[in-house]
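The structure appears below as structure tokens.
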Amino acid sequence: MTASPNNGNNNQRMHVLLIEDAPSDAEIEVAELRRGGFDVTADVVDTGDQVRAHLGKNSYDVILADYSLPNFRCMDTLDILREKNQTIPMILVTGALNSETAVECVKQGAVDYVLKDNLGRLVQCVRRALEDTRLRKERTRAQEQLALKVDELARSNCDLEQFAYVASHDLQEPLRMVAAYTQLLSERYRGKLDSAADRYIAYAVEGATRMQALLEDLLAFSRIGRNGVTPAPTDVNTAVEEVLRNLAFTLKEHSVTIICNPLPTILADRFQLVQLFQNLIGNAIKFRGKATPSIAISADKLGEEWVFSIVDNGIGIAAEHKEFIFKIFQRLHTRAEYPGNGVGLAICKKIVEQNGGRIWVDSELGRGSNFRFTFPAASADRASKKEEYELSPQNLVSR
Amino acid sequence: MNSVPKILLVDDNPADANLTCEVLATSEHPAQVSTVQDGEQAMMFLHRVGQFTEASRPDLIILDLNLPGKDGRTVLAEVKADPKLNELPVVIFTTSHSPRDIARCYELGANSYVSKPGNLGQFFSAVRSIENFWFHFASLPN
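Protein chains in written order, with the numbering used here: chain A, -6 to 392; chain B, 30 to 171.
The following block contains the structure:
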């Protein structure tokens, strides 16, 4: 803190613009502020041109303005401040002001008013005005910084997605050659080299094939939302029917029981909805336990959203893995136990979150899982929950 | 078909061109395959100019889309706009799965659009199917 040259105390420096036509009044006000502990420098003006000129030249901490001046309507100062995009608190210091006028002035943007015969309030008023201004500036700066961070994040997120897309897309081409020619090698030269060579080639084929699958999944993941989804009122019942048709073979193979309760119509992209249910139902079958798989699908309206639920009687998930499983390329099992790249649930999460919902799992190891996700209840779904949902023959699964 | 069928293969990727030729060569009645690597050469081949004065008119064009210089879309457009060439069947055989490419090629008059499969077995069957369809089932103009 800078010591004042005047009295050696740690007084707060302050530059004041005094809009005042009576020099003696100006002096008294400055003296009052000094008495209150401010290290004051002041410019005294009393016409509009002067106000404009001084505001353009100097930076002030506060403006004290006499309400009744012969040559200038002091409230015009606020317009000049706006014009110059400056935020300096203005306090009216005036001989006489009826309370209506005072309220009107404060409404227009003066921060306070002080009567000249009660100047004792001046210091307190100025302090508050300075503090308010400081807080407002801090808040504005914080908001600006936050907005900047949000922009930055959105941009880096966008860059990252673009990168993932381009990388996986462009890597596919050379990889296709590696995969094709190692496969050709393995077909044409098996048993013609030595057994080590056969094994090496098999590893190369396996690596290339797996990488192709990873890239395809990565592409599928980064494609979500890229090609402009068009949310429209979608009957979830028919989306699930489509999923059951797509999975018909697997459902039959494992004698899966599906219990599908009536589902609502929501605002969603149909293709994404099918993908979401297909991944979740597919997982319920893939991670089945010893018992015949049984899957129950339902939806409940809670407040402004639908909570969907897909309950299975599969192997379940330990508590410590409940978050982990939604991350891309994260797997809990070896590929030999369960095939896959760990993308399905990441895709589900992305779809749900892009639609303003959440996804989570309630589960215990060995006791089945209840995958739940929310979708905003759109206006389209009003009372559209079907009373009766008939399972059509294609999706009636052996029970 | 009595005479040996002739294919013009336009592909700038030697690895893919080689694979395609491998499949076609193992056919029961192997087609005669001429390979060029870019769109400019493809048009010169079809117009029998420059180094291709001895070239004979192909029965089928297998055309990649992403080629250096004059690309496959331009070649397709030029072939289909040329009254002397437009009856030649053109099969697009490309790595692009893009719906925009697919739509554009059919608009321009492509006779079919096949994406190159990543898996060797599927790649082979794709080429085999193209050959089988156009030379064993489809009837071609004289």
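Glycine included, C-beta positions come from ideal geometry on N, C-alpha and C.
According to DSSP, is A:H326 helix, strand or coil? coil
Who are the Cβ neighbours of B:I131 in its own chain at under 6 Å, not counting the five residues just before and after it? Y142
Ignoring anything shorter than 3 residues or poking outside the region 35 to 94 of chain B, list the beta strand (DSSP E) runs there in chain order. 35 to 39, 61 to 65 and 89 to 92
Label A:S52 either buried or exposed according to how many other C-beta atoms from any shown protein chain fall within 10 Å of its C-beta, with 16 as the threshold for buried. exposed
List, in chain order, every chain A residue whose beta-carbon is nearer than 9 Å to that of B:L96. Going along chain A, no residue has its Cβ under 9 Å from B:L96, so there is no contact; the nearest lies around 14 Å.
Quick one: Cα of A:G350 to Cα of A:P369, how far? 7 Å
Cβ separation of A:D105 and A:I84, assumed to be a contact under 8 Å, to the nearest whole Å: 5 Å
A:Q205 at chain B interface by Cβ criterion, 8 Å: yes
Name the DSSP bridge partner or partners of A:H8? A:T34
CB of A:T258 within 8 Å of CB of A:D228, strictly: yes
Where does B:A110 land, buried or exposed, given buried means 16+ other C-beta within 10 angstroms? exposed
Taking only heavy atoms of the ligand SAM into account, decide whether any of them is closer than 7 Å to the Cβ of A:K279. This structure does not include the ligand SAM; it has no bound ligands of any sort.
N-terminal and C-terminal residue of the beta strand (DSSP E) that B:Y142 is part of: S141 to S144
Distance between A:L266 and B:G138 (C-alpha atoms, nearest Å): 35 Å
Spatially closest choice to B:N140 from B:P43, B:P112 and B:L117, by CA coordinates: B:L117
Measure how close the beta-carbons of A:V211 and A:A157 come, nearest whole angstrom, since I'm counting them as under 8 Å. The question names Val, but residue 211 of chain A is Leu in the sequence shown. Their Cβ separation, rounded to whole angstroms, is 6 Å, which keeps A:L211 and A:A157 in contact under 8 Å.
When you compare the CB positions of A:I340 and A:A289, do they come within less than 8 Å of one another, or not? no
Does DSSP classify A:N53 as helix, strand or coil? Just to set this straight, residue 53 of chain A is Tyr in the shown sequence, not Asn. Residue state, collapsed to three classes: coil.
Select from the region 170 to 199 of chain A all residues with a C-beta closer than 8 Å to any C-beta belonging to chain B, and list them in chain order. M170, A172, A173, Y174, Q176, L177 and E180
With respect to the beta strand (DSSP E) encompassing A:S287, which residues constitute its N-terminal and C-terminal limits? S287 to L295
Starting from A:V300, follow its DSSP beta bridges and name the residues at the other end. A:D293 and A:T367
Limits of the beta strand (DSSP E) - the one that A:M403 falls within: The question about residue 403 of chain A has no answer here: the residues shown for chain A are numbered -6 through 392.
With 8 Å as the threshold, decide whether the Cβ of A:E166 is near any Cβ in chain B. yes
Taking contact to mean at least 3 C-beta pairs separated by less than 8 Å, is the region 136 to 155 of chain A in contact with the region 184 to 195 of chain A? no
With H, G and I counted as helix, E and B as strand and the rest as coil, what does DSSP make of B:P128? helix
Give the single residue among A:A241, A:E25, A:A311 and A:F31 whose Cα lies nearest to the Cα of A:Q271. A:A241
Does DSSP classify B:S32 as helix, strand or coil? coil
Within chain A, the residues that B:G101 reaches when beta carbons sit closer than 8 Å: The contacting residues do not exist; B:G101 stays about 15 Å from chain A at best.
Scan the region 141 to 155 of chain B for residues whose Cβ lies nearer than 9 Å to a Cβ of chain A and list them as they occur along the chain. K145, P146, G147, N148, L149, G150 and F152
My output table needs one value for A:T223: the three-state DSSP class, helix, strand or coil. coil
Determine, using beta carbons only, whether B:G228 and B:D45 come nearer to each other than 8 Å. Because chain B is modelled from 30 through 171, residue 228 of chain B falls outside the range shown and cannot be assessed.
Run through DSSP, which three-state label would A:L256 get? coil
Can you tell me whether DSSP reads A:Y106 as helix, strand or coil? strand
Helix or strand or just coil, what does DSSP make of A:P386? For A:P386, the predicted model reports a pLDDT of 38, less than 50, meaning its position is unreliable; a value from the coordinates is still stated below. The answer is helix: DSSP assigns A:P386 an H, G or I state.
Would A:T327 be called buried (16 or more neighbouring beta carbons within 10 Å of its own) or exposed? exposed
7 Å Cβ cut-off: residues of chain A touching B:L48: A173
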